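Asks:
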Amino acid sequence: MISEKHIPTIETASPSEGVPAVRHSDQYTWEGVDIHPYKETGTHFKSIHRQTIFKGGDDLSVEFRYFEIAPGGHSTLERHQHTHLVMIIQGSGHVLVGDKVTEIGMHDVVRVGPLTWHQFRATKGEKLGFLCVVSTDRDKPQRPGPSEVEELNETPEVAEFIRV
Ligand code: MN
């Protein structure tokens, strides 16, 4: 799946690391970019993987990642101080941001602000693939404890949506 022919031996290909472009190689994969599990451990997510297209560097302190959730899968329900900027580039689904559940599809843009609960789900029988920009310098995600789940469950639409 991963061609090495145009890419120097670096951990992750990046336009700033000796190549002018990271070439798209196949359906939502990029040359020299490895496919990783979404997170190293845990069961609070389902059927999701991650590729880091740009790891941050030079004078640009952001990571540019692609996440893909298989039909029926979901990301972790979490919040953190750092912001996400997301663009859907494959399929569709729903996202929780704060106390709102929104349908999302191709080229929609989602911003998740500081300390805002969020979760992405591939709810529509197809994959949900999105690009996500984050700061390289960022805090660790927090997951909801029992009292926070209770609070989230006060909004019926949220209670029905979340996967903890
Ligand atoms: Mn997050």
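Per our numbering, the sequence shown runs over residues 1000 to 1163.
Ideal placement from N, C-alpha and C gives every residue a C-beta, glycine not left out.
Since we're looking at a predicted model, the values are computed, not measured.
Between E1153 and the ligand MN, is the CB less than 7 Å from at least one heavy atom?
Replies: No, since every heavy atom of the ligand MN falls outside the 7 Å radius drawn around the Cβ of E1153.
Asks: For the ligand MN, is there any heavy atom lying closer than 7 Å to the beta carbon of E1077?
Replies: Within the cutoff, so yes.
Asks: So V1094 and I1088 are in contact, right, with Cβ under 8 Å, and what is the actual spacing, rounded?
Replies: Going by Cβ atoms, the distance from V1094 to I1088 rounds to 14 Å, so no, they are not a contact pair.
Asks: Which residues does DSSP pair with H1093 in a beta bridge?
Replies: According to DSSP, H1093 bridges with E1102, R1120.
Asks: Under 8 Å between the Cβ atoms of V1163 and H1043?
Replies: Yes, the Cβ-Cβ distance between V1163 and H1043 is below 8 Å.
Asks: Would you check if the distance between the CB atom of V1085 and the CB atom of V1061 is smaller than 8 Å?
Replies: No, Cβ-Cβ distance for V1085 and V1061 is not below 8 Å.
Asks: Assuming H1048 and E1067 make a contact with CB atoms under 8 Å, what is their CB distance in whole Å?
Replies: Confirmed, Cβ separation roughly 6 Å.
Asks: Are the CB atoms of Q1118 and S1146 nearer to each other than 8 Å?
Replies: Cβ atoms of Q1118 and S1146: not closer than 8 Å.
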